[in-house]
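A.B. asks: Below you will find the structure I want to go over with you.
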Amino acid sequence: LEPVRISRSAVEAQSKKRAKDAAEAPAQPGAAAVAGAPAAGATTTAAPTVAPTAPAVAAAQPPAASGKKGAGKAAQKSAAPAGPRLFLLSLYDDVEVVSYEGDRTTTVRGDRLDAYFIMKGGSGMSLAAQDPFGPPSAPFPEVALPGNRAAQLAALAIAAAPDDDALVTVAFTGRLVMAPAPEGTPTLGQPEGVRMVVNGRPARIEDSKSQAVLQAKRISLESKVDRVELVGAVDDPASIETPSFTLAAAHFTLDRSTGRGGSDGPGTIAMGGSGLKLIVVSWAKQMTLALQPGTGDAEGSFRGAEFTGDVDVRSPDIELHAGQLSVEALPVGKKDVVRRIVASGAVQAKSLGSAGGHFGADRVEIALTPNDKDEAQPRTLLATGNVMAGDGGQTLWASTLRATFVEVKASWNAAVRAGADAKAARDASDTDRKKSDLGEIVAEGPVELRMADGGRVFANRLEGDGLGRNARLVGPDVLVVRGNLVLDQLANIQVQEQPARINALGPGR
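Residue 433 in this note's numbering is what sits at position 431 of the sequence shown, and the numbering runs on without skipping anything.
Put into structure tokens, the structure is as follows:
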């Protein structure tokens, strides 16, 4: 079946013209008696008078019996309009629906599309001013239409309220079936809206405004309330791809009007757009997502997220595991750059800086800013509660730890040009993948430092230089234990990693 283009505004105008012509047409003999007709026994047959939005009334109704008590009330009750009826329109096989609204083009593809709408003037399906199938109590057989008429009906059902700039095209190769929606079907969020459920292998939606591509086994979306739901599976997750992030989850919902979304199962999100230095987060239990709401140029861009349950973070600078994690981002140019990461719940991290390393804490907060490539660059770290940090040479325990980061400058090509050996080149290559090295470190206590040779230092405060691989420990009562040597009552000592050396400044014992 070839695609059919439908102008919503033109269809609405034609519908109004048909209604006007019908109202001006002369009465037909034998017309059914309806509310507003002459009383029983009159010799003149009048044309029926029907309110434009009232449902059709069955012609087999018995006339009202005059003189009986309550007859007037019964007549008024029978003439009361019934509530709007929810209909289901199903399209089968190679379904494609394209909607053009202003500068936005939305394309929906799938194996089957179910559209739920209310047959009512001015609503999602503006086919007639009345429900042409009679009151809800009347029997309604399924309707199956072939050819262009079916495509036009589908386009009308899927279309929103009339708009001069709005067009819908519909194409499919199989059947079209329309019937009242099954009993118990959830009502629409707005009477003028349309709910579409797309099934496929996979179902796919492309949105030109946000440049988003959605894929899933089943996608549900509802106009007017702007709600989208994606359903996949753990082994075949639904996915969302945008310029600022890529998300994969077994189940995901999004309210486009507020920008709030979430997943109640496991999933993965990669933040940072098409850049090579992504931040990838996976979770096991739950995720809430914040996107830019509205219809502006930034619609759908990443603003933040919260993750719960076995959260893992991977980036060029850090690998982190925690019970909970929150991420915040802000727009920088055409990118959405992560500016803050907060992890809590038995936080464990590794591969921080070019020398590697690991650390743990009850809570870790990392602040980031854009670098000259508009990529997220770690700047500061604050760890609190049961802090442990170390590398191959030293291990530190403290109550709190604050650290700054400096941007890595070395490059693999420079190492090769300088005639470095293979190991140096590999180390430089590892540095290229990292964006930051540890700068200043401040730990507060009680503080314990264990060195590579087994020596230990106990103090109230540590001030370190990550690049220089040295530290200063402050008392008032610094204690050093190294083999059979014990030094105490020290106010200030300096520790150097390579070569291993301890210098005591001031009095001691």
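Virtual Cβ for every residue (Gly too), placed ideally from N, Cα, C.
Which first and last residues belong to the beta strand (DSSP E) in which K219 is found?
C.D. replies: Counting along the chain, the beta strand (DSSP E) containing K219 begins and ends at A214 to E224.
A.B. asks: Need the endpoints of the beta strand (DSSP E) that P182 sits in, please.
C.D. replies: Looking at the DSSP string, the run of the beta strand (DSSP E) that includes P182 is L178 to P182.
A.B. asks: So with Cβ pairs under 7 Å, would you call G234 a contact of chain B?
C.D. replies: In summary, chain B is missing from the structure at hand, where a single protein chain is found.
A.B. asks: Using the three-state DSSP reduction, which class does A307 fall into: helix, strand or coil?
C.D. replies: DSSP places A307 in strand when its eight states are reduced to three.
A.B. asks: Around the C-beta of D319, are 16 or more other C-beta atoms found within 10 angstroms, so that it is buried, or is it exposed?
C.D. replies: By the neighbour-count rule (16 or more Cβ atoms within 10 Å), D319 is buried.
A.B. asks: Could you tell me the alpha carbon to alpha carbon distance between T386 and L475, rounded to whole angstroms?
C.D. replies: Cα to Cα, the separation comes out at about 19 Å.
A.B. asks: Going by DSSP, which residues form a beta bridge with T402?
C.D. replies: T386 and E446, per the DSSP bridge assignment.
A.B. asks: State buried or exposed for R197, treating a residue as buried only when at least 16 other CB atoms are found within 10 Å of its CB.
C.D. replies: It is buried - the Cβ of R197 has at least 16 other Cβ atoms within 10 Å.
A.B. asks: The beta strand (DSSP E) that contains R471, what's its start and end?
C.D. replies: No beta strand (DSSP E) holds R471; DSSP gives it neither H nor E.
A.B. asks: Using beta-carbon positions only, say whether A218 and G261 come within less than 7 Å of one another.
C.D. replies: Not a contact, by the Cβ cut-off of 7 Å.
A.B. asks: Label K337 either buried or exposed according to how many other C-beta atoms from any shown protein chain fall within 10 Å of its C-beta, with 16 as the threshold for buried.
C.D. replies: Counting Cβ neighbours within 10 Å, K337 comes out buried, since at least 16 surround it.
A.B. asks: Using DSSP bridges, identify the partner residues of V97.
C.D. replies: G112, per the DSSP bridge assignment.
A.B. asks: Does the separation of the CB atoms of P401 and G466 fall below 7 Å?
C.D. replies: The residue you asked about is not Pro; residue 401 is Ser in the sequence shown. Not closer than 7 Å, so no.
A.B. asks: By the 10 Å Cβ neighbour count, where 16 or more other Cβ atoms means buried, how is L190 classified, buried or exposed?
C.D. replies: Buried, since its Cβ has 16 or more Cβ neighbours within 10 Å.
A.B. asks: Could you check how far apart the C-beta atoms of N373 and E409 are, in whole angstroms? I think they sit under 8 Å.
C.D. replies: That pair is a contact at about 7 Å.
A.B. asks: DSSP three-state label for A331, please.
C.D. replies: Reduced to three states, the DSSP call for A331 is strand.
A.B. asks: Starting from K211, trace the beta strand (DSSP E) in both directions and tell me its first and last residue.
C.D. replies: Note, K211: premise wrong, no beta strand (DSSP E); not H, not E.
A.B. asks: Does T175 pass the burial test, meaning 16 or more other C-beta atoms within 10 Å, or should it be called exposed?
C.D. replies: The residue is exposed, with fewer than 16 neighbouring Cβ atoms inside 10 Å.
A.B. asks: Taking contact to mean at least 3 C-beta pairs separated by less than 8 Å, is the stretch 247-254 in contact with the stretch 221-229?
C.D. replies: Because the criterion of three Cβ pairs below 8 Å is not met, the stretch 247-254 and the stretch 221-229 do not touch.
A.B. asks: Quick check on DSSP: helix, strand or coil for K22?
C.D. replies: Helix, per DSSP.
A.B. asks: For the beta strand (DSSP E) containing E231, list its first residue and its last residue.
C.D. replies: That run of the beta strand (DSSP E) goes R229 to V233.
A.B. asks: Taking 7 Å as the threshold (C-beta atoms), are A272 and R305 in contact?
C.D. replies: Cβ atoms of R305 and A272: not closer than 7 Å.
A.B. asks: Measure the C-alpha to C-alpha separation of A405 and F361 and round it to an integer number of angstroms.
C.D. replies: In a straight line, the C-alpha of A405 is about 12 Å away from that of F361.
A.B. asks: So, at 7 Å on beta carbons, what are the nonlocal neighbours of K22 in its own chain, with the 5 sequence-adjacent residues on each side left out?
C.D. replies: The answer is none, since no qualifying residue turns up.
A.B. asks: Considering Cα atoms alone, identify which of V449, M390 and P204 is closest to R114.
C.D. replies: Answer by Cα proximity: P204.
A.B. asks: Do you know how far the Cα of K211 is from the Cα of V230?
C.D. replies: One C-alpha to the other measures close to 16 Å.
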